[in-house]
Amino acid sequence: MNGENMREILGCAVAALLLVGPAAAQSSYPDRPVRLIVPFAAGGATDVVARLIGSELSKAFNQTFVVENKPGASGMIGVDAVAKSKPDGYTLGVSPGTPLVVVPYLDPKSPFRPERDLEFITPVYDAPFILCARPDLPQKTLAAFLAAAKTDTREPSYGTVGIASVNHALHEEMARRSGARMLHVPYTGEAPIMPALMTGQVDIAFITPASATGLIKEGKILGLASGGPGRVAALPDMPTISEVMGWPDYSAHTWTMLIGPKGMPEDVTARLNAATTKILADPEVQSRLAKLGLVAMGGSLADTAAFVRSEAKRFQDIVRLNDIKRE
């Protein structure tokens with residue numbers, strides 16, 4: 017074999033290695049622990065479900081998925097950390113809609129743009145909010161509360177997970193429709209709102225069933241109405257806001273999404289989507305979520321993209337109608 021033939025063979029071998037190398041590296045994902053950033057305080061529904069999903073992904077991939085809480089700025093700090101991470105699939109996030117479809121579109125100084133900087137991998141759960149109130153609230157129904165909020169000299173207060181959050185937008189839409197006047201009190205997540213409600217620091221708040229149901233049954237907070245569109249299975253006697261107020265098109269619900277930084281390898285994104293969707297289709301996982309008042313989602317990457325576009329439009333319309341500002 018002459019030298020020229022040998023060079024040709026070596027050249028082909030190198031080319032083959034260059035083609036196989038990245039695929040081999042990607043197929044071994046993950047070969048070290050994966051961070052799952054939650055952009056709100058520990059203890060809320062997003063955190064609880066992120067830990068459940070992280071545990072199931074650990075089993076599916078035979079690798080550790082570690083939850084890390086990064087609260088602040090209506091979830092923007094945690095999601096920004098995901099957006100700015102290396103797009104290799106080793107830093108992911110589990111985020112509700114606030115920093116994905118509301119805040120970045122209100123703030124011209126937003127450190128990231130969702131469509132430019134994030135991969136939307138899989139929707140995790142959907143849940144109606146429950147409109148909760150402090151236990152000693154004089155009005156025991158939603159209709160009575162909103163009627164009083166039109167005329168009381170003291171503006172009732174509502175707690176949210178942050179300025180320009182989904183919760184904030186939904187409260188303002190309820191106030192606009194009813195003519196009520198209310199004072200916004202932002203927190204760093206759902207978990208710190210609960211003691212504020214129980215001690216009367218705020219009058220009302222939209223809370224997920226996972227956090228609210230037990231406290232309502234124990235009488236530590238009041239449950240005025242569910243966000244709908246249907247009633248909460250664990251609280252079947254509680255009416256929806258739509259039923260009480262006669263607003264057929266009003267729905268107050270929340271959801272979470274598995275996300276990553278833009279530019280992740282396509283096969284890694286696809287594998288994460290498939291694994292998460294499979295986990296969410298498991299009857300045992302669905303049952304565990306249902307006990308928290310949550311509905312498992314999942315879906316293809318195309319379905320995920322369509323869902324995010326739809327929700328972004330919905331909340332941008334609410335923000336515009338209520339003149340909500342990021343300030």
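Note that the numbering used here has the sequence shown beginning at 17, numbered continuously upward.
Here a beta-carbon is modelled for each residue, glycine too, at the ideal position from N, C-alpha and C.
Exercise for review: Mind reading off the beta-carbon distance from V177 to E131? Whole number of angstroms is fine, and I expect it under 8 Å.
Suggested key: Contact doesn't hold; Cβ gap of about 22 Å is too wide.
Check your understanding: What residue does the beta strand (DSSP E) around D142 start on, and which one ends it?
Key -> Note, D142: beta strand (DSSP E), 134 to 144.
**Study point:** Same chain, Cβ closer than 6 Å to N289, five either side skipped, listed in chain order
**Key:** Shown here for N289: same chain residues with a beta carbon closer than 6 Å to its own, the five before and five after excluded, namely I137, T138, L317 in chain order.
Exercise for review: Please specify which runs of the alpha helix (DSSP H), each continuous and at least 4 residues long, are wholly inside the region 230 to 313, giving them in chain order.
Suggested key: Listed in chain order, they are 257 to 261, 282 to 297, 299 to 307.
Check your understanding: If we ignore side chains and look at the alpha-carbon of each, how far apart do E385 and I334 end up?
Key -> One cannot answer for residue 385 here, as it falls past the ends of the chain, which runs 17 to 343.
Exercise for review: Give the straight-line distance between the Cα atoms of M92 and P127, rounded to the nearest whole angstrom.
Suggested key: As the crow flies, the alpha-carbon of M92 is around 8 Å from that of P127.
Practice item. On a CA-only basis, which of A241, S258, M261, G262 is nearest P252? Give me that one, please. Key: Among A241, S258, M261, G262, the Cα nearest to that of P252 belongs to A241.
Practice item. Using DSSP bridges, identify the partner residues of G109. Key: Beta-bridge pairing by DSSP links G109 to I53, I275.
Practice item. Could you please give me the residues that DSSP links to Y174 through a beta bridge? Key: Residue pairing by DSSP puts Y174 in a beta bridge opposite H200, I220.
Check your understanding: So, helix, strand or coil for E206, using DSSP?
Key -> Of the three classes helix, strand and coil, the one that applies to E206 here is coil, per DSSP.
Check your understanding: When burial is assigned at 16 or more other CB atoms within 10 Å of the CB, is R48 buried or exposed?
Key -> Burial state of R48 is exposed, judged by a 10 Å Cβ sphere holding fewer than 16 other Cβ atoms.
Exercise for review: Report yes if the C-beta distance between P46 and G279 is below 7 Å; otherwise report no.
Suggested key: With a cutoff of 7 Å on beta-carbon distance, P46 and G279 are scored as not near each other.
Review point. Per the contact definition of three or more C-beta pairs closer than 8 Å, is the region 48 to 61 in contact with the region 75 to 88?
Key: Segments in contact, yes.
Check your understanding: CB F81 to CB L68, shorter than 7 Å?
Key -> The answer is no: Cβ separation not under 7 Å.
Review point. With L162 and S194 assumed to form a contact (beta carbons below 8 Å), what rounded beta-carbon distance in angstroms separates them?
Key: Confirmed, about 4 Å.
Practice item. Using the Cα positions of A58 and P151, report the straight-line distance between them to the nearest angstrom. Key: The alpha-carbon atoms of A58 and P151 are separated by roughly 24 Å.
**Study point:** Straight-line Cα distance separating A321 from P120
**Key:** Their Cα atoms are separated by approximately 17 Å.
Review point. In terms of residue numbering, what span does the alpha helix (DSSP H) encompassing F161 cover?
Key: Residue range 158 to 167 is occupied by the alpha helix (DSSP H) that includes F161.
Practice item. Would you verify that the beta carbon of G230 is, or is not, closer than 7 Å to some beta carbon of chain B? Key: Absent from the structure is chain B; it holds one protein chain and no more.
Review point. Can you tell me the Cα-Cα spacing of R325 and L116, whole angstroms?
Key: Our two residues, R325 and L116, have alpha carbons roughly 10 Å apart in a direct line.
Practice item. In angstroms with no decimal places, state the Cα-to-Cα distance between I275 and Q155. Key: Spanning the alpha carbons of I275 and Q155 requires a straight line of approximately 41 Å.
Exercise for review: Go ahead and pull the three-state DSSP assignment for L153.
Suggested key: Note: L153 maps to coil in three-state DSSP.
Practice item. Measure the alpha-carbon distance for A291 versus Y141 and round it to whole angstroms. Key: Looking at the two C-alpha atoms, the distance is approximately 15 Å.
Check your understanding: Roughly how many whole angstroms lie between the Cα atoms of G216 and G246?
Key -> Spanning the two alpha carbons is a distance of roughly 28 Å.
Practice item. Assign N183 to one of three DSSP states: helix, strand, or coil. Key: In the displayed model, N183 falls within a helix according to three-state DSSP.
Check your understanding: Thinking C-beta only, is L231 closer than 7 Å to A149?
Key -> No, the Cβ-Cβ distance between A149 and L231 is not below 7 Å.
Exercise for review: Return the CA-CA distance between V64 and A143, expressed in angstroms with no decimal places.
Suggested key: The alpha-carbon atoms of V64 and A143 are separated by roughly 14 Å.
Practice item. Just mark L305 as buried or exposed, buried being the case when its beta carbon has 16 or more other beta carbons within 10 Å. Key: Buried, since its Cβ has 16 or more Cβ neighbours within 10 Å.
Check your understanding: How long is the line joining the alpha carbons of Q332 and D265, rounded to whole angstroms?
Key -> Spanning the two alpha carbons is a distance of roughly 16 Å.
Point to revise | Inter-residue spacing [alpha-carbon to alpha-carbon] between S227 and F145 | key: Between the alpha carbons of S227 and F145 lies a distance of about 10 Å.
Review point. Distance, Cα to Cα, G233 vs Y174?
Key: Correcting the residue type first, residue 233 is Lys in the shown sequence and not Gly. Rounded to whole angstroms, K233 to Y174 spans 21 Å at the Cα level.
Check your understanding: Apart from the five residues just before and just after V301, which ones in its own chain have a Cβ nearer than 8 Å to its Cβ?
Key -> For V301, same chain residues with a beta-carbon under 8 Å away, outside a window of 5 residues either side, are L68, E72, I295, A312 in chain order.
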